[in-house]
Structure formats: C-alpha cells, structure tokens
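Novice: Numbering (the working numbering), first residue to last: 586 to 1001.
First, the structure itself, so that you have it in front of you.
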Amino acid sequence: MTKESMPASYGNKREMQRRKLDRIGVDQYISEDFYQRELKTIWRKCWLWAGRASEIPNPGDYFVFNLPFLDRTSILVIRGKDNKVRAFYNVCQHRGGRLAYYERGSAGVLRCTFHGWTYNLDGRLAGVTFDETFCDFDRSQRGLKPISVDIWGGWVFVNLDPAPRWTLREYLSPLPNALGAYLEKEPWAWEWGRKGLFKCNWKLQVDSQAEGYHARFLHARSIIAKFTKEDTPTWTYPGSVGVPFKLEVHRPKAQDSGVFLTELAKAAGTYSTALYYNTDTDDYKGGVASRYPGAVNVFNGDRWTFDLYGIFPNTVILVQKGHLMIMRSWPRGVGQTLWDYDEYFTRPPVKFGEYLARLHGLLEMRNTVTEDMTTVEGVQDSFTSGALTEQIVGEAEIGVGAFERHLLHMVDELSD
Ligand code: FES
Ligand SMILES: [Fe+2]
C-alpha cells in the first residue's frame, strides 16, 4: 500500500478531543442494570451470526443454536423441502418438549421426544399422537414458533425480534458485495475451533480485537513485533447499524529487522496458503484477488495480510486468502463470557509444505488470540475495583471507541 492510496483512517486527534471521542466509561462493562438493558435491546433486536448454511445442505438438515443467556432460548435452524432455511424456537407447542437435543442432525419430520407430536420441516403441526384424546383445537395455531432468519455470504443470521427493524442487508451495510460473494461461493470447511469461559464482560473481548495498537507489545513474542499504526489502518462506519469498524493488518515494513520470526515460521511462510507472511501464493493471486475483486485487500496493499470486521454486537471476522476466522462473545452474566472461535479454509492442504504452513498458522493464531484473552479478566477486575473510571483511547484505537459508542447508541435506540 502506497502512502497515496492509504485512506485517512485514523481519528483526528483534535476532533476526538473536542467531541470527547477519546473517552470510554467503564460502567457499561460492570453495571448489572446496564447488562439487563443490553439483553432486552441489542441481544433481542439485532441480527446474530448463527452458523453456516452449507452445514445444512439437504432438506431436513438442521443445527441447534442455543442462547442460554437470553432466557434459555434454544433455536432450531432447518432447511425445508423447498430448500429454504427457516428458524424456529426449539420448542414443541404441546407442552414444551425440545424437538432436537443434538447440535446437528437430519430429519424427515420433526418429532418431539416427549409425546411424539410431529411437525413438517416448514414448522406446521403434522401429527398429534392419540389425537382422539384431545378436545378440539386449531392445529394451524400450534405450528412451531418462527424466528426471523436470513442469509448473507452463506452465513445464517437470526434475529429474535419478530419484525426486525433492519433487513439483514441494511444491517450489514457497508460490507462489500464482493466479500459476500467470496464468503458464499467458496467451499469453506471448518478446520479448527476453540471455546472458553472468561471472567469478563463480553465487550472486552470485542475491544481486544478492535485495535492493533497492542500488537507490538502483547504479541511481541508470537506473531509480529514491530507494528506501527500505519500497519493497522482502521475505519469506522458511523452510518452503519451492524458494522462498527474495520481493521486491515499489514505486514510490517521492517520485516527483517526486529520482527520475531522463527526458522519454522519462515519455512511455513514459504508454503503458506493462509499465513501472515505471504500474500504471493497462487491461492491469493489466482484465487480471491482475481475472482472476487474488492472482497479483500481493497486498497491492494503489497504488505496486506488480513481484513478484520466487527459485526455488531458480538462477532469479529478475520478474512484472508482462503482462510476465515469467526470470533464471537456470548455473555453468561455481566462479568462472565463464553468466547468461541472457528477457523475455515477453502481447501485442504495438498503438499507437505502447505500442511506445515496450515498447522503453523493455526498454532500461531491460537497463541495470538490466547494472548489477547490474557488481558480481559485483569481489565474487568480493574473496572470493578473502581481504580479506573474512564478509559482513554488514542488514534489507533478508534475501532474500540466506535464500537463502545455504537453500543450505547444502540441500547438507547432499541429501548422501548
Ligand atoms: S411436549 Fe412435545 S409431544 Fe408433548
Ligand atoms: Fe491481538
């Protein structure tokens, strides 16, 4: 990326100071009242990243998406005979039995395990066992309770609001259409994922991914030592509902001076299909860049490594050439959060070098995000202790400021 093509992505310091954009309170991370407001507003009225549509390719295929922090809600996402993906509460309308207990499966009809009532794949009540024992009731009113669902980029989103305020496309503007096509059309296959429970507010995990300022310190021994702020240009989208920020991460210029690279990392980078240190592979040049122009590396930086988008409220996606990582934070209370991440690739490694690069990349990523998560519990303790009542952010952290301000705005906006 040349200086000329580098967008003016950082905050203007004077403007930040004038509008107090450089300050973030801490109440929103520790207040039980505020957490309860979040549950009633953003979590019940925003689109949530639920899963991949291609994981339920055939009619009758389903996955279960549980939101235990939202009044123990369980959702069934299922593909109908008409190939349409629908979502329902995973709740039998007889006496509340669960229709599916397993994470995923396939069914011709949905049969409740409690008393055997059945439902068609489109949610209509199909059969009542021993129905002569029931008084008259309107079967058309006893179908499964639907949940708003839509698909973007091959990913299923659900919204607990029966009449969402924004369509999914409105919500995800300004994500590029080319990115949607790239995420939809490539044969993304899950390869690796982890989850863990942390004693922190869910937003600290999003914050941890919303800036690259920490990289040269927190990640000094893992991925990259010498980041400058130009290496992680950040955009914010004040007009967007569901995309508060975007970061690009670029390989530091001084790659050979001061960057901590092991011999193994260098060797892996030579073969990489998805690593930090190589954008010159055939996969990239012949793949993403030519087939989906504008999907990634929009400014065509020669040191570009990955794009990272915040998807409100709880998801951060990292997009590379042939590699996709989805990170999500799920509250379990104001000070406790389940964090999960999943990594997908467009194709399996073929040659030994690629295999080495794949494994190395996965481990490198594991180390990096583990480092990210080492900070969150300590920061939460700091907030609850009362020793810090206001955070201050610099130009390179405008993603954090944008996300947290957007959150306050959305909680207000969606309050009844
Ligand atoms: S609760 Fe489902 S059949 Fe009775
Ligand atoms: Fe990090």
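A virtual CB, placed ideally from N, CA and C, is assigned to each residue, including glycine.
Hey, would you say the C-beta of Val-828 is under 8 angstroms away from at least one heavy atom of ligand 2?
Specialist: False, no ligand heavy atom lies under 8 angstroms from that Cβ.
Novice: By alpha-carbon positions, which one of Thr-819, Phe-988 and Val-713 ends up nearest to Cys-677?
Specialist: Out of Thr-819, Phe-988 and Val-713, Val-713 has the C-alpha closest to the C-alpha of Cys-677.
Novice: Run through DSSP, which three-state label would Asp-927 get?
Specialist: Reduced to three states, the DSSP call for Asp-927 is strand.
Novice: Determine the direct distance from the alpha carbon of Asp-927 to that of Tyr-862, and round the result to whole angstroms.
Specialist: Residue placement at Tyr-862 cannot be trusted, given a pLDDT of 45 that sits under 50; the coordinates are not used to answer.
Novice: Between Lys-788 and the rest of its own chain, which residues show a CB-CB distance below 8 angstroms, the 5 nearest in sequence each way excluded?
Specialist: If we look at Lys-788 and ignore the five residues flanking it on each side, its Cβ neighbours are Gln-613, Tyr-614, Ser-914, Phe-988, Glu-989 and Leu-992.
Novice: Does Gln-976 pass the burial test, meaning 16 or more other C-beta atoms within 10 Å, or should it be called exposed?
Specialist: So Gln-976 ends up on the buried side.
Novice: So the alpha helix (DSSP H) Ala-638 belongs to, where does it begin and stop?
Specialist: Here Ala-638 belongs to no alpha helix (DSSP H), and DSSP marks it neither H nor E.
Novice: Beta-carbon separation of Ala-638 and Ile-736 under 9 angstroms?
Specialist: The answer is yes: Cβ separation under 9 angstroms.
Novice: Express the C-alpha separation of Arg-876 and Asn-882 in angstroms, rounding to a whole number.
Specialist: The alpha-carbon atoms of Asn-882 and Arg-876 are separated by roughly 13 angstroms.
Novice: Nearer than 8 angstroms: is that true of the beta carbon of Leu-948 relative to any heavy atom of ligand 2?
Specialist: No.
Novice: Mind pulling the beta strand (DSSP E) runs of 3 or more residues that sit fully within the stretch 633-704?
Specialist: Listed in chain order, they are 633-637, 646-652, 658-664, 670-674 and 689-691.
Novice: Under three-state DSSP, which class holds Lys-788?
Specialist: Here Lys-788 sits in helix by DSSP.
Novice: Would you please state the rounded distance, in angstroms, between the beta carbons of Arg-664 and Asn-651? I believe it to be under 8 angstroms.
Specialist: That belief does not hold up - the Cβ atoms of Arg-664 and Asn-651 are roughly 19 angstroms apart, past 8 angstroms.
Novice: Which residues bound the beta strand (DSSP E) around His-835?
Specialist: Its beta strand (DSSP E) spans residues 830-835.
Novice: Using 9 angstroms as the threshold, is the C-beta distance between Thr-900 and Trp-628 below it?
Specialist: Not a contact, by the Cβ cut-off of 9 angstroms.
Novice: Would you mind stating whether Lys-625 and Pro-749 have Cβ atoms separated by less than 9 angstroms?
Specialist: It is not a contact, given that the beta carbons lie outside the stated cut-off.
Novice: Would you list, in sequence order, the uninterrupted alpha helix (DSSP H) runs of no fewer than 4 residues that lie entirely inside the stretch 726-774?
Specialist: Listed in chain order, they are 753-757 and 762-770.
Novice: Evaluate Arg-709 with the Cβ neighbour count: other Cβ atoms within 10 Å of its Cβ, from every protein chain shown; 16 or more gives buried, anything less gives exposed.
Specialist: By the neighbour-count rule (16 or more Cβ atoms within 10 Å), Arg-709 is not buried but exposed.
Novice: Taking the alpha-carbon positions, what's the Phe-783 to Thr-959 distance?
Specialist: Between Phe-783 and Thr-959, the C-alpha separation is close to 10 angstroms.
Novice: Starting from the C-beta of Trp-777, find all residues in its chain whose C-beta is less than 7 angstroms away, skip the five residues before and the five after it, and write them out in chain order.
Specialist: The answer, listed in chain order, is Glu-928 and Leu-947.
Novice: Let me confirm a value: Arg-604 is counted as buried when at least 16 other C-beta atoms fall within 10 Å, else exposed. Which label applies?
Specialist: Arg-604 comes out exposed.
Novice: Does ligand 2 have a heavy atom nearer than 8 angstroms to the CB of Ser-793?
Specialist: It does: the Cβ of Ser-793 is within 8 angstroms (strictly closer) of some heavy atom of ligand 2.
Novice: Considering just the uninterrupted stretch of the beta strand (DSSP E) at His-908, what are its terminal residues?
Specialist: Its beta strand (DSSP E) spans residues 908-916.
Novice: What's the call for Ser-793, buried or exposed, on a 16-neighbour Cβ count within 10 Å?
Specialist: Result: buried.
Novice: Just checking, does the stretch 677-688 make contact with the stretch 762-782 on the three C-beta pairs under 8 angstroms criterion?
Specialist: Counting Cβ pairs under 8 angstroms, fewer than three are found: no touch.
Novice: Taking the CB atoms as reference points, tell me whether Thr-953 and His-804 lie closer together than 9 angstroms.
Specialist: Yes, the pair counts as a contact, with Cβ atoms nearer than the cut-off.
Novice: For ligand 2, any of its heavy atoms closer than 8 angstroms to the Cβ of Asp-957?
Specialist: Yes, Cβ of Asp-957 sits closer than 8 angstroms to a heavy atom of ligand 2.
Novice: From the DSSP output, in three-state form, read off Thr-858 for me.
Specialist: Low confidence applies here, because Thr-858 scores a pLDDT of 45, under 50, leaving its location unreliable; read the following figure in that light. Note: Thr-858 maps to coil in three-state DSSP.
Novice: Looking only at its chain, what residues have a beta carbon closer than 8 angstroms to the beta carbon of Ser-967, apart from the 5 residues adjacent to it on each side?
Specialist: Leu-973.
Novice: Grab me the residues of Met-553's own chain with a C-beta within less than 6 angstroms of its C-beta, minus the 5 sequence neighbours each way, in chain order.
Specialist: Here the chain comprises residues numbered 586 to 1001, so residue 553 is not present and cannot be evaluated.
Novice: I want to check one thing, is the minimum distance from the CB of Phe-722 to the heavy atoms of ligand 1 below 8 angstroms?
Specialist: Result no, Cβ not under 8 angstroms from ligand 1.
Novice: Within this structure, are the beta carbons of Gly-827 and Leu-757 separated by less than 9 angstroms?
Specialist: It is a contact, given that the beta carbons lie within the stated cut-off.
Novice: Looking only at its own chain, which residues have a Cβ that is under 7 angstroms from the Cβ of Ile-732, when we skip the five neighbours before and after it?
Specialist: Counting only Cβ-Cβ distances below 7 angstroms, and skipping sequence neighbours, we find Ile-660, Ala-672, Phe-673, Tyr-674, Val-743 and Leu-745.
Novice: Going straight from the alpha carbon of Val-611 to that of Leu-695, what length do you get?
Specialist: About 46 angstroms.
Novice: What number of angstroms, rounded off, separates the C-alpha of Gly-886 from the C-alpha of Val-904?
Specialist: Those two C-alpha atoms are separated by around 15 angstroms.
Novice: Report the three-state DSSP secondary structure of Phe-988 (helix, strand or coil).
Specialist: Phe-988: helix per DSSP, three-state reduction.
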